[in-house]
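K.L.:
Just dropping this structure here.
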Amino acid sequence: MRETLDARVRDVLVEPACAQNVAKAPDERAKGCTKALVPGAAAGGCAFDGAKIALQPIVDAAHLVHGPLACEGNGWDNRGAASSGSKLYRTGFTTDLSELDVVMGHGERKLYRAIREVIETHAPPAVFVYTTCVPALVGDDVAAVCQAAAERYATPVIPVEAPGFVGSKNLGNKLAGETLLKHVIGTVEPEEPGLTDVNIVGEFNLSGELWQVKPLLDRLGIRILGAITGDARYRQVAMAHRARVTMLVCSKALVSLARKLEERWDIPWFEGSFYGIEDTSNALRTLCGMLVERGAPGDLVERAEVLIAYEEARTWAALEPYRPRVAGKRVLLYTGGHKTWSVVAALQELGMEVVGTSVRKSTESDKARIKEIMGDDTHMFENMAPKDMYRALKAAEADVLMSGGRSRFVALKSRTPWVDVNQEKHEAYAGYVGMVELVRAIDRAVNNPMWADVRAPAPWDEGFQPRSVSADPLHVVGSDPSDFEDC
Amino acid sequence: MPQSDDKVLDHAKLFQEPEYAAMLEKKRLDYECGHPDDMVREIADWTKTWDYREQNLARTALTVNPAKACQPLGAVFAAAGYRGSMSFVHGSQGCVAYYRSHLSRHFKEPVSAVSSSMTEDAAVFGGLNNLVDGLANTHALYAPEMIAVSTTCMAEVIGDDLNSFIQQARGKAAIPDEMPVPHAHTPAFVGSHVDGYDNMQKGILEHFWESAERNAGDGLNIVPGFDGFAVGNIRELRRMLGLMGVEATILSDVSDVYDTPSDGEFRMYAGGTTKDEVKAALDARATLSLQEYCSRKTLDYCSSKGQETRALHYPLGVAGTDELLMTVAEFTGKPIPESLRLERGRLVDAMADSQSWLHGKTYAIYGDPDFVYAMARFVMETGGEPRHCLATNGSKAWGKKMRSLLDGSPFGQQCQVWPGKDLWAMRSLLVTEPVDLLIGNSHGKYLERDTGTPLLRLNFPIFDRHHHHRFPLWGYQGALNALVQILDKIFDRLDAETGTLGETDTSFDLTR
Chain A
0 MRETLDARVR DVLVEPACAQ NVAKAPDERA KGCTKALVPG AAAGGCAFDG AKIALQPIVD
60 AAHLVHGPLA CEGNGWDNRG AASSGSKLYR TGFTTDLSEL DVVMGHGERK LYRAIREVIE
120 THAPPAVFVY TTCVPALVGD DVAAVCQAAA ERYATPVIPV EAPGFVGSKN LGNKLAGETL
180 LKHVIGTVEP EEPGLTDVNI VGEFNLSGEL WQVKPLLDRL GIRILGAITG DARYRQVAMA
240 HRARVTMLVC SKALVSLARK LEERWDIPWF EGSFYGIEDT SNALRTLCGM LVERGAPGDL
300 VERAEVLIAY EEARTWAALE PYRPRVAGKR VLLYTGGHKT WSVVAALQEL GMEVVGTSVR
360 KSTESDKARI KEIMGDDTHM FENMAPKDMY RALKAAEADV LMSGGRSRFV ALKSRTPWVD
420 VNQEKHEAYA GYVGMVELVR AIDRAVNNPM WADVRAPAPW DEGFQPRSVS ADPLHVVGSD
480 PSDFEDC
Chain B
0 MPQSDDKVLD HAKLFQEPEY AAMLEKKRLD YECGHPDDMV REIADWTKTW DYREQNLART
60 ALTVNPAKAC QPLGAVFAAA GYRGSMSFVH GSQGCVAYYR SHLSRHFKEP VSAVSSSMTE
120 DAAVFGGLNN LVDGLANTHA LYAPEMIAVS TTCMAEVIGD DLNSFIQQAR GKAAIPDEMP
180 VPHAHTPAFV GSHVDGYDNM QKGILEHFWE SAERNAGDGL NIVPGFDGFA VGNIRELRRM
240 LGLMGVEATI LSDVSDVYDT PSDGEFRMYA GGTTKDEVKA ALDARATLSL QEYCSRKTLD
300 YCSSKGQETR ALHYPLGVAG TDELLMTVAE FTGKPIPESL RLERGRLVDA MADSQSWLHG
360 KTYAIYGDPD FVYAMARFVM ETGGEPRHCL ATNGSKAWGK KMRSLLDGSP FGQQCQVWPG
420 KDLWAMRSLL VTEPVDLLIG NSHGKYLERD TGTPLLRLNF PIFDRHHHHR FPLWGYQGAL
480 NALVQILDKI FDRLDAETGT LGETDTSFDL TR
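First to last, the protein sequences are chains A and B. With numbering that gives the first Met the number 0 applied, the first sequence covers 0 to 486. With numbering that gives the first Met the number 0 applied, the second sequence covers 0 to 511.
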């Protein structure tokens with residue numbers, strides 16, 4: 000099993016469709032995009048976690064974690080991926096391996112029985128079985144057990160081989176994509192394939208974001224055939240190979256999946272984003288254009304333009320009341336590239352000043368676009384180390400930081416309002432309505448009176464000087480910018 | 000009948016059993032001759048309209064569900080904070096039973112107070128004999144160190160002169176010469192419990208100070224005011240003073256007598272301000288009141304003795320606590336220590352952490368004038384918007400003070416202030432101009448049920464939830480406590496709204 004896993008890991012780390020990877024020198028590329036972890040430095044989640052969060056939104060499947068309790072205990076229901084139907088994905092199933100299981104080698108038997116019990120008690124359309132470090136080290140043949148169980152109980156039992164030690168969370172995302180390709184996609188044929196069926200890949204319906212976009216697709220008559228994996232049903236994922244176009248949302252992690260869908264089933268794909276007004280419009284435009292090229296009715300493009308014009312006008316009207324409340328505020332944007340430039344454009348339109356933006360994971364054309372919008376590239380940066388971010392915020396170079404949860408405390412400790420724009424947020428910012436929600440969140444963050452209390456010294460200190468808590472209050476945080484990377 | 004000795008049902012369940020339900024329904028039909036259901040519904044709906052609200056708010060003679068209590072309740076509360084003190088209420092005994100049960104139901108402690116048990120005879124011939132006998136019996140039966148005399152309406156209407164009566168009692172040797180018997184006239188038909196508190200405090204100070212000589216020193220007296228959270232608050236106050244190294248005299252400390260341990264000993268008296276402390280308090284540099292509307296006469300009196308005085312409005316929240324600490328620092332010259340600065344930082348950190356859940360939430364707040372002021376101020380500090388601030392015992396002057404507080408923040412602009420209004424008025428306000436949260440006391444539970452507005456019980460009386468008064472609302476710790484209660488209410492509500500299995504639970508999230 001180790002060889003095949005190694006091979007698979009190597010395979011996903013040299014993705015030819017990844018612009019970043021392709022841009023590397025040949026010898027660099029040969030190493031793949033793996034990033035050596037630094038022992039002792041803070042690091043993010045493991046491959047198991049990455050695989051779990053990528054597949055967990057398949058809501059009607061049972062997700063069974065083969066390992067000691069903590070892997071599922073910690074990973075259980077930990078993201079707000081919303082479901083419009085089954086809630087089975089929220090139930091934590093695990094084999095809860097104990098010392099005796101490890102010593103006596105009972106893991107495989109226990110797993111087999113666990114699969115049986117899950118199927119008998121819940122009758123799920125499929126069981127995803129996640130391998131964790133302990134059974135991988137012990138040498139449990141999880142794939143064989145899954146195969147035997149699948150045959151015995153006539154239910155797909157899919158081994159997800161991404162034990163934590165193989166690498167990062169991002170790698171786990173990729174391995175999850177590979178798992179779907181290997182075991183799921185193409186196993187079910189849709190009853191009525193349509194000319195406007197699409198795949199949405201890399202959208203996980205966090206806080207119900209997909210539902211802010213789906214009505215737009217509904218109105219255009221576009222069906223999400225393959226949802227990977229936001230609000231997905233198992234059969235939906237299994238039918239993804241019959242979609243006409245794949246839209247890859249926000250994801251370098253699943254780019255291989257999109258590419259292989261094209262290689263195997265001739266499904267053309269594009270990268271798009273539902274963050275920001277213009278990006279949303281462009282995504283709809285591209286999606287419709289590509290569908291028409293593949294034989295959808297030609298008026299789809301015009302209908303899309305009508306919808307876009309209507310939605311854009313409506314959104315700007317809804318944003319207008321916020322203008323006086325947010326105009327003049329300086330924003331530091333620290334997020335993935337896909338959601339950058341169109342958000343920048345909208346914020347500027349509302350009179351906000353974007354004092355800096357990361358262009359991580361942005362493509363060259365994204366960067367060019369940002370440069371065009373912002374005038375020059377002096378405020379664009381790839382990564383920002385926590386201490387640099389702290390310094391910038393401390394020097395009051397921005398009124399609000401928009402970023403993922405990991406830099407939240409840099410903002411709060413530098414007494415700067417913060418808006419969560421990454422996966423653990425509790426509000427949905429996708430699509431046109433999402434932009435209104437985002438501006439509302441900015442308004443709420445920068446105009447909350449609590450900031451006055453946070454920023455002001457205690458009032459009994461007239462000549463208050465910020466105390467010098469060692470020169471660098473974040474010295475305990477590693478200065479590796481990648482510490483703050485999301486997903 | 001569903002009730003049987005095998006399984007005895009509690010009344011909460013018993014009357015929902017079909018046999019009882021049918022019996023009650025039959026009784027309603029056969030004997031009550033009620034209005035048809037649709038008419039009842041129609042009228043109920045009408046009571047939730049603006050039309051009804053206008054008539055409701057125009058009421059001048061009738062008060063419905065007043066959010067206030069009477070003077071002697073405040074007087075009994077104030078007296079309880081002095082060591083070995085027994086409240087003696089001159090008047091009818093029924094009133095005193097109310098104060099005892101009120102305080103007892105709130106604090107979950109036995110509350111001792113006696114009356115002169117005036118009857119019809121006393122009303123006709125005057126209450127002198129009752130007072131003299133009463134003082135003698137109180138001394139004999141309960142061995143207090145001090146007897147604090149206040150009055151019910153009955154004694155006030157017939158015009159009994161407490162001062163003269165107490166002199167006569169002493170003349171008749173009803174009580175030992177050294178027994179202090181301070182007194183205050185506390186007619187229930189004037190003001191409310193906050194005034195009774197004020198009058199009793201002043202009466203006690205007068206008793207000890209009037210014939211004494213003041214040698215101005217640098218001490219500090221603190222008058223906490225009538226407060227349902229006194230147990231937690233006064234302990235928190237003492238803790239903060241301890242951190243500052245300040246030894247202040249708290250004039251009326253009920254934190255021990257209203258929170259006695261269960262260790263096999265009954266304590267009719269526990270803790271409290273001692274006689275020596277009260278006497279020495281005359282020499283203090285200043286007296287600080289933590290609730291202005293509970294202490295106006297008391298502070299005037301302190302001022303007349305040459306002390307500096309200052310009054311705050313219930314030190315809850317960031318600025319409220321800042322004010323308290325800075326005032327104490329100013330009067331005592333003691334700096335505010337680092338540890339309190341850290342607590343302040345932790346409080347604002349918590350506010351920052353939860354900001355997105357608090358911002359823009361709307362509130363209706365009712366209670367005593369100082370509490371409403373403080374709560375509205377704290378709510379605005381979190382980005383919340385008070386919409387209705389109501390104090391049945393609030394004056395027009397209080398209304399103006401509230402207005403200037405609210406006008407000072409963009410979050411108070413839409414708030415309306417309702418001095419003198421009652422809880423039935425609050426009902427109309429809540430149905431016509433709804434808010435996210437209602438802050439009040441147990442009496443608000445009917446408003447919660449009627450209007451669907453979630454209720455936070457943060458002031459006296461709290462009868463139907465236990466032990467909250469043991470935790471502070473004052474200080475940074477207290478604000479944190481209040482903050483957590485507000486957030487819990489918001490999250491519980493959200494969980495309930497998203498919690499119906501298979502219907503509304505798409506957002507029944509583990510992490511919020």
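Using N, Cα and C, we set each Cβ at its ideal position, and we do this for glycine too.
#1: Please report the straight-line C-alpha distance between residue 436/A and residue 121/A, rounded to a whole angstrom.
#2: On the CB-based measure, 16 or more other CB atoms within 10 Å of its CB, does residue 94/A come out buried or exposed?
#3: Considering only their Cβ atoms, is the gap separating residue 231/A from residue 56/A smaller than 8 Å?
#4: Compute the beta-carbon to beta-carbon distance between residue 350/B and residue 486/B, rounded to the nearest angstrom, for a pair I have assumed lies under 8 Å.
#5: Starting from the Cα of residue 237/B, find the closest Cα among 180/B, 122/B, 398/B, 323/B and give me that residue.
#6: Provide the residue span of the alpha helix (DSSP H) that contains residue 300/B, from first to last.
#7: Among the candidates 65/A, 69/A, 125/A, whose CA atom is the shortest distance from the CA of residue 88/A?
#8: Beta strand (DSSP E) containing residue 385/B: first to last residue?
#9: Extract the residue ranges of the beta strand (DSSP E) inside the region 89-141 of chain B, only unbroken runs of 3 or more that lie entirely within it.
#10: Hey, would you say residue 180/A sits closer than 8 Å to residue 259/A, going by beta carbons?
#11: What does the alpha-carbon distance come out to for the pair residue 418/B and residue 395/B?
#12: Residue 477/B: which of 507/B, 347/B, 252/B sits nearest, CA to CA?
#13: Of all the residues that make up the region 114-127 of chain A, which are near chain C by a beta-carbon distance shorter than 7 Å?
#14: Helix, strand or coil for residue 186/A, going by three-state DSSP, please let me know.
#15: Going by DSSP in three states, residue 284/B sits in which element: helix, strand or coil?
#16: Could you check which residue in 353/A, 114/A, 321/A has the C-alpha nearest to that of residue 65/A?
#17: Are the region 191-207 of chain B and the region 294-310 of chain B touching by the rule of at least three beta carbon pairs closer than 8 Å?
#18: Assuming the contact rule is C-beta atoms closer than 8 Å, residue 239/A and residue 184/A should be a hit. Round their C-beta distance to whole Å, please.
#19: Is the shortest distance between the beta-carbon of residue 23/A and the beta-carbons of chain B less than 8 Å?
#20: In the structure shown, what three-state DSSP assignment does residue 46/B receive?
#21: Residue 128/B and residue 116/B look like a contact to me (Cβ under 8 Å); what is the Cβ gap, rounded to whole Å?
#22: Under 8 Å, with one C-beta from each stretch per pair, do the region 220-229 of chain B and the region 462-473 of chain B reach the 3-pair mark?
#23: Can you find a CB in chain A that lies within less than 8 Å of the CB of residue 505/B?
#24: Would residue 288/A and residue 341/A be called neighbours here (beta carbons separated by less than 8 Å)?
#25: Report the rounded CA-to-CA distance for residue 349/A versus residue 441/A, giving the unit in angstroms.
#26: Whose CA, out of 199/A, 4/A, 366/A, 74/A, lies closest to the CA of residue 271/A?
#27: To the nearest angstrom, how far is the alpha carbon of residue 99/A from that of residue 162/A?
#28: Could you check what DSSP says for residue 159/B in three-state terms: helix, strand or coil?
#29: Under a CB-based cut-off of 8 Å, is residue 350/B close to chain A?
#30: Where residue 149/A and residue 176/A are concerned, what is the direct C-alpha to C-alpha distance, given to the nearest angstrom?
#31: Excluding sequence positions up to five away, which residues of its chain have a Cβ less than 8 Å from the Cβ of residue 434/B?
#32: Given this structure, state the Cα-to-Cα distance separating residue 138/B from residue 174/B, to the nearest angstrom.
#33: When you compare each of 321/A, 280/A, 356/A to residue 311/A by their alpha carbons, which one comes out closest?
#34: Taking the CB atoms as reference points, tell me whether residue 163/B and residue 71/B lie closer together than 8 Å.
#35: Using only the alpha-carbon positions, how far apart do residue 411/B and residue 389/B sit?
#36: How is residue 374/B classed by DSSP in three states: helix, strand or coil?
P.N.:
Reading off the structure:
#1: For the purposes of this step, residue 436/A is taken as residue 437 along the first sequence, with counting starting at 1. For the purposes of this step, residue 121/A is taken as residue 122 along the first sequence, with counting starting at 1. Cα to Cα, the separation comes out at about 38 Å.
#2: In the first sequence, residue 94/A corresponds to position 95, counting from 1. Residue 94/A comes out buried.
#3: Counting from one through the first sequence, the residue named residue 56/A turns up at place 57. Counting from one through the first sequence, the residue named residue 231/A turns up at place 232. Cβ atoms of residue 56/A and residue 231/A: closer than 8 Å.
#4: Taking the second sequence and counting its residues from 1, the one referred to as residue 350/B is at position 351. Taking the second sequence and counting its residues from 1, the one referred to as residue 486/B is at position 487. 10 Å between Cβ atoms; not a contact.
#5: By one-based count along the second sequence, residue 237/B stands at place 238. Cα-wise, what sits closest to residue 237/B is 323/B.
#6: Position 301 of the second sequence holds residue 300/B. Residue 300/B -> alpha helix (DSSP H) spans 295-303.
#7: Mapped onto the first sequence, residue 88/A falls at position 89. When only C-alpha atoms are compared, the closest one is 125/A.
#8: Taking the first residue of the second sequence as 1, we reach residue 385/B at position 386. Looking at the DSSP string, the run of the beta strand (DSSP E) that includes residue 385/B is 384-390.
#9: 112-114
#10: Sequence index remark: in the first sequence, residue 180/A carries index 181 (1-based). Sequence index remark: in the first sequence, residue 259/A carries index 260 (1-based). For residue 180/A and residue 259/A, yes; Cβs fall inside 8 Å.
#11: Translated into the one-based positions of the second sequence, residue 418/B becomes position 419. Translated into the one-based positions of the second sequence, residue 395/B becomes position 396. So the two alpha carbons sit approximately 6 Å from each other.
#12: Position 478 of the second sequence, counted from the first residue, corresponds to residue 477/B. It is 347/B whose Cα lies nearest to the Cα of residue 477/B.
#13: Protein chains A and B are contained in the structure displayed, whereas chain C is not.
#14: Within the first sequence, numbered from 1, the residue matching residue 186/A stands at position 187. Reduced to three states, the DSSP call for residue 186/A is coil.
#15: On the second sequence, position 285 is the one that residue 284/B refers to. Residue 284/B falls in the coil class under three-state DSSP.
#16: As a position in the first sequence, residue 65/A is number 66, starting the count at 1. Closest by alpha carbon: 114/A.
#17: yes
#18: Mapped onto the first sequence, residue 239/A falls at position 240. Mapped onto the first sequence, residue 184/A falls at position 185. Their Cβ separation, rounded to whole angstroms, is 5 Å, which keeps residue 239/A and residue 184/A in contact under 8 Å.
#19: By 1-based counting over the first sequence, the position of residue 23/A is 24. Closer than 8 Å: no.
#20: The residue labelled residue 46/B in the question sits at position 47 within the second sequence. Three-state DSSP puts residue 46/B in coil, outside helix and strand.
#21: For the purposes of this step, residue 128/B is taken as the residue at position 129 of the second sequence. For the purposes of this step, residue 116/B is taken as the residue at position 117 of the second sequence. So it is not a contact: roughly 11 Å between Cβ atoms.
#22: yes
#23: Numbered from 1 along the second sequence, position 506 holds the residue referred to as residue 505/B. Interface residue, yes.
#24: By one-based count along the first sequence, residue 288/A stands at place 289. By one-based count along the first sequence, residue 341/A stands at place 342. Not a contact, by the Cβ cut-off of 8 Å.
#25: As a working mapping, residue 349/A is identified with position 350 in the first sequence. As a working mapping, residue 441/A is identified with position 442 in the first sequence. About 12 Å.
#26: The count along the first sequence starts at 1 and reaches residue 271/A at position 272. Of the candidates 199/A, 4/A, 366/A, 74/A, the one whose C-alpha sits nearest the C-alpha of residue 271/A is 199/A.
#27: Along the first sequence, read from residue 1 onward, the residue named residue 99/A stands at position 100. Along the first sequence, read from residue 1 onward, the residue named residue 162/A stands at position 163. Using only the alpha carbons, I get a separation of about 21 Å.
#28: Within the second sequence, numbered from 1, the residue matching residue 159/B stands at position 160. Residue 159/B falls in the coil class under three-state DSSP.
#29: On the second sequence, residue 350/B is found 351 positions in, with the first residue counted as 1. Chain A contact via Cβ: present.
#30: Looking up residue 149/A in the first sequence gives position 150. Looking up residue 176/A in the first sequence gives position 177. Using only the alpha carbons, I get a separation of about 20 Å.
#31: Along the second sequence, one-based indexing puts residue 434/B at 435. Around residue 434/B: 361, 362, 363, 386, 387, 452.
#32: Here residue 138/B refers to the residue found at position 139 of the second sequence. Here residue 174/B refers to the residue found at position 175 of the second sequence. Each residue's alpha carbon lies about 7 Å from the other.
#33: Counted from its first residue, the first sequence places residue 311/A at position 312. Of the candidates 321/A, 280/A, 356/A, the one whose C-alpha sits nearest the C-alpha of residue 311/A is 280/A.
#34: If you number the second sequence from 1, residue 163/B lands on position 164. If you number the second sequence from 1, residue 71/B lands on position 72. No.
#35: Sequence index remark: in the second sequence, residue 411/B carries index 412 (1-based). Sequence index remark: in the second sequence, residue 389/B carries index 390 (1-based). Those two C-alpha atoms are separated by around 14 Å.
#36: For the purposes of this step, residue 374/B is taken as residue 375 along the second sequence, with counting starting at 1. If DSSP states are grouped into helix, strand and coil, residue 374/B belongs with the helices.
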